[in-house]
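2 protein chains.
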Amino acid sequence: MLSVEEALTQLLADIAPLPVEEAPLIECLDRVLARDAVADIDLPPFANSAMDGYAVRAADTAGASEANPRRLPVVGEVAAGDPGTTPLPPGAAVRIMTGAPVPPGADAVIPVEQTRAHEDAVELLAAVGRGASVRPAGDDARRGQRVLAAGAVIRPGEVGLLASIGYARVPVYQRPRVAILSTGNELVPVDQAPGPGQIRNSNAGMLAAQVLRSGALPVELGVARDSREAVHAALDAGHGCDLYLSSGGVSVGAYAVVKAVLEERGGIGFWRVNMRPGKPVAFGRIDGIPFLGLPGNPVSSFVTFELFARPLLRKLAGHRLLARQIVPVNVEDGARGAGSRRNYVRALVRWEADGWHAVTTGAQESHLLSSTVAINALIVVPEGGGDLTPGARAMALLLDWPESDVGSGDR
Amino acid sequence: MLSVEEALTQLLADIAPLPVEEAPLIECLDRVLARDAVADIDLPPFANSAMDGYAVRAADTAGASEANPRRLPVVGEVAAGDPGTTPLPPGAAVRIMTGAPVPPGADAVIPVEQTRAHEDAVELLAAVGRGASVRPAGDDARRGQRVLAAGAVIRPGEVGLLASIGYARVPVYQRPRVAILSTGNELVPVDQAPGPGQIRNSNAGMLAAQVLRSGALPVELGVARDSREAVHAALDAGHGCDLYLSSGGVSVGAYAVVKAVLEERGGIGFWRVNMRPGKPVAFGRIDGIPFLGLPGNPVSSFVTFELFARPLLRKLAGHRLLARQIVPVNVEDGARGAGSRRNYVRALVRWEADGWHAVTTGAQESHLLSSTVAINALIVVPEGGGDLTPGARAMALLLDWPESDVGSGDR
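Sequence lines, in order, name chains C and B. Its first residue numbered 6, the first sequence is counted upward by one per residue in my numbering. Its first residue numbered 6, the second sequence is counted upward by one per residue in my numbering.
Written out as structure tokens, the structure reads:
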């Protein structure tokens, strides 16, 4: 039997990032920059004022104070958006607004709060040094400078920076499209009442949600009945996708016609992974497209998606960090081991003053979908290590960022 | 001056969750359930087999062992999707597949691995107890049972559970639509080269990204020039949205025509919040729609969005936990205080064996967009507390979940 790490390593070795495309900036959020981003202009493009006030020569403010104000004639006004090309004569001031260009000749801004305004003049109540309240051109970045390296994740700050250097379209790795295949004569659509022996198809929606959360696009192929023709037709419908994702149909059961079709159309490996839930996982290629077959039990499907499909999708999307953060937790209610297998126990983790605390969702059988509800973590109970007693330390994969009550910033 | 907490409390007091709508299940991911979800059927709907094997009466397996196998005639076969209504006669077995209904009369399943198959019979190599490898009807949830309470966040596990009880459409709070208004004569679109005194409009895209990450939908109104007519027209274009979000135009600058228009069309409060960056924040209503005016400096806009706009959007969307998780960090490179103001310093936080570690992005002036790049946290430097020395402890708001290298589960 493979360890989880061995299976994941094998799986990732066969996956390369998708091709690069140019996408509109806002559609690149949380995607990966595929080429270095270079500033086409200085940022800021021109020296500008950090305050509302008066642009001056610093030398002209020397000695000014509340007690001994310095009076300068005001020879103009420059607002944000003005070209600001009129030079400042020596011994004069120009009214200036935040963000407006500092006129040629001026080398400082004195904030309005340190002045007294008159009709055509201003009294300066303080001296300022050269560069005061001026944001120099190129302070943030220089024209030609690499501001983001290929491989950077495009978060909101990166969106702002790319916008400021003209990246209306951005070279990013394509977003993976995932064809989700459900198989099983027992499955009926969500909006139907199941008849005798039938259940609703809950896995397709759950997997689609997990795909979305992994930054990829789900394409539901619907339910293929347990016949060769139906499975062939469903796979045909998935052409153009970057990954086939199936749940069920790849166990050792006699009704696994999926398995036979897969073996016809590609090279599929059937792995027994030393974990619980979700031992049987299939991986290979169908018509050249990667295929990942997850177990049919909803909980097994959920957990194996997190462990295998999500890193795979992140690699396709060009990410370099593929795995969930793992943190130590105090397992308040303890957790069962799974003998010689590693057990992944669903839990809700929260942060306390002394670290992470976890409460499990109780019964963990692989058909209990309710055990995957209101969770944000998978506790790892090591193989062969027995049960975790209440209060035991364990490692947990965090699936979701815990939100918190509105709290003070200095809690 | 208001504290951050006072400002946020005042702001949230004026906000109620949006109306409820019924949306297709997959579109409800990460949204908030507005009414209790009740199971319309037992889950699972019928007793079914957890294994491939033989459905039997447990009593008929008594005393069976490898050395002393018990032989039963095999009188049928039941697969997943079969109605499974044919009763099992005493002293017989039925071949059964995982997920198939356990026939009436059978009370246990013996896994295929503990049997030896013959033409019309099976040898049982072990005894099993009543209920072995049978998942009882209603084990996960009972018909009529509340499986999710109003207020639950719909994560992938919840999507699966809702699917299994027939929620093809789900009552959720509406997704907030946010009209993003940019003002300023200096702004040009991202795909244009700025002329003298001009800069590209980087805030609109950054805010749109932050809106998306807050689970809301951005609607960009474009740039309104600094004229009353332009601002009126832009506000008109935002009708139908749930929040107006502006950046810039609400400072004390003489060119803030926005401010004048806002005061005409609604009640707007101008708050000086005791924080840095981003002191001036405006909040009120325009034509009855909430309005939040953020400072125009990109960094101030970024930070005030996180502190004020995101909790507001989460409240509109029906969330009960509105704030980011705050955790203690070791500030490896130290951070500057902002005198009597609370300082929010951009940083990249990572988890180490001994807890959270942060490295700041260096210079923190509010025009340095590069300081918001490659960050996942805001370090809180308390008001009046001076600088943080390298290695000092501080609290940090985590904006982003740190991803990790592919690692073993038992690191």
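The C-beta atom is built at its ideal place from N, Cα and C for all residues, glycine as well. Since the structure is predicted, the reported quantities are computational estimates derived from the model, not experimental observations.
Check: Using the three-state DSSP reduction, which class does N208 (chain C) fall into: helix, strand or coil?; Outcome: helix
Check: Applying the 10 Å Cβ sphere with the 16-neighbour rule, what's the burial state of H123 (chain B)?; Outcome: exposed
Check: Thinking A126 (chain B) and R75 (chain B) are a contact (beta carbons under 8 Å), I'd like their distance in whole angstroms, please.; Outcome: About 11 Å separates the two Cβ atoms, so there is no contact after all.
Check: What does P199 (chain C) touch in chain B if you count any residue whose Cβ is under 8 Å from its own?; Outcome: I46 and P50
Check: Hey, out of C:L17, C:E11, C:L13 and C:W276, whose CA is closest to G323 (chain C)'s CA?; Outcome: C:L17
Check: For S376 (chain C), which residues in the same chain have their Cβ closer than 8 Å to its Cβ, ignoring the five residues on either side in sequence?; Outcome: V304, R351, T366, G367, A368, Q369 and E370
Check: F288 (chain C) lies in the beta strand (DSSP E); which residues open and close that run?; Outcome: P285 to I291
Check: For S251 (chain C), name the three-state secondary structure that DSSP assigns.; Outcome: strand
Check: For P78 (chain B), report the span of its alpha helix (DSSP H) as first-last.; Outcome: Per DSSP, P78 (chain B) belongs to no alpha helix (DSSP H); it is in the beta strand (DSSP E), R75 to V83.
Check: Is the CB of E408 (chain B) under 8 Å away from at least one CB in chain C?; Outcome: yes
Check: With 16 other CB atoms within 10 Å as the buried threshold, where does T103 (chain C) fall?; Outcome: buried
Check: Just checking: is the beta-carbon of E163 (chain C) within a distance shorter than 8 Å of some beta-carbon in chain B?; Outcome: yes
Check: In the DSSP assignment, find the unbroken alpha helix (DSSP H) run with H237 (chain B) in it and report its ends.; Outcome: R233 to A242
Check: Could you tell me which whole beta strand (DSSP E) segments of length 3 or greater appear in the stretch 166-192 of chain B?; Outcome: 174-178 and 182-188
Check: Between the C-alpha atoms of A358 (chain C) and D338 (chain C), what's the straight-line distance to the nearest angstrom?; Outcome: 19 Å
Check: Quick check on the DSSP output: the alpha helix (DSSP H) that includes P223 (chain C) runs from which residue to which?; Outcome: Taken as a continuous stretch (DSSP letters only), P223 (chain C) belongs to no alpha helix (DSSP H), being part of the beta strand (DSSP E) at L222 to A229.
Check: Start and end of the alpha helix (DSSP H) containing P316 (chain B)?; Outcome: R315 to L321
Check: In the DSSP output, which residue or residues are listed as bridge partners for P116 (chain C)?; Outcome: C:G58
Check: Taking DSSP as the reference, what is the three-state secondary structure of L267 (chain C)?; Outcome: helix
Check: What does the alpha-carbon distance come out to for the pair P88 (chain B) and V228 (chain C)?; Outcome: 18 Å
Check: Find the nearest neighbour of S138 (chain C) within the set C:R147, C:A154 and C:A111, judged by alpha-carbon distance.; Outcome: C:A111
Check: If we ignore side chains and look at the alpha-carbon of each, how far apart do P22 (chain B) and R325 (chain B) end up?; Outcome: 10 Å
Check: Is any beta-carbon of chain B found at less than 8 Å from that of T377 (chain C)?; Outcome: yes
Check: For the stretch 160-193 of chain B, enumerate the residues whose C-beta is nearer than 9 Å to any C-beta of chain C, in chain order.; Outcome: R160, P161, G162, E163, V164, G165, L166, L167, A168, S169, I170, G171, Y172, A173, R174, G189, N190, E191 and L192
Check: Can you give the beta carbon distance from V262 (chain B) to R233 (chain B), rounded, assuming they're within the 8 Å contact cut?; Outcome: 6 Å
Check: In terms of alpha-carbon separation, which member of B:T14, B:E11, B:G344 and B:C33 lies closest to A221 (chain B)?; Outcome: B:C33
Check: Quick one, which of C:D405, C:P387, C:L317 and C:A85 has its alpha-carbon nearest G200 (chain B)'s?; Outcome: C:A85
Check: When the cut-off is 8 Å and only beta carbons count, does M211 (chain C) lie next to chain B?; Outcome: yes
Check: With 16 as the cutoff for other CB atoms within 10 Å, does A168 (chain C) come out buried or exposed?; Outcome: buried
Check: Tell me I101 (chain B)'s beta-bridge partners as DSSP assigns them.; Outcome: B:G58 and B:V83
Check: Quick one: list the residues of chain B neighbouring A142 (chain C), beta-carbon separation under 7 Å, in chain order.; Outcome: Under the 7 Å cutoff, chain B gives no residues; its nearest Cβ is about 11 Å from A142 (chain C).
Check: Check whether the Cβ of D87 (chain B) lies closer than 8 Å to any Cβ atom in chain C.; Outcome: yes
Check: How should M400 (chain B) be labelled, buried or exposed, when 16 other C-beta atoms within 10 angstroms of its C-beta is the threshold for buried?; Outcome: buried
Check: From what residue to what residue does the beta strand (DSSP E) around E357 (chain B) run?; Outcome: R347 to E357
Check: Give a yes or no on whether the C-beta atoms belonging to I46 (chain C) and I170 (chain C) are separated by under 8 Å.; Outcome: yes
Check: My output table needs one value for G162 (chain C): the three-state DSSP class, helix, strand or coil.; Outcome: helix
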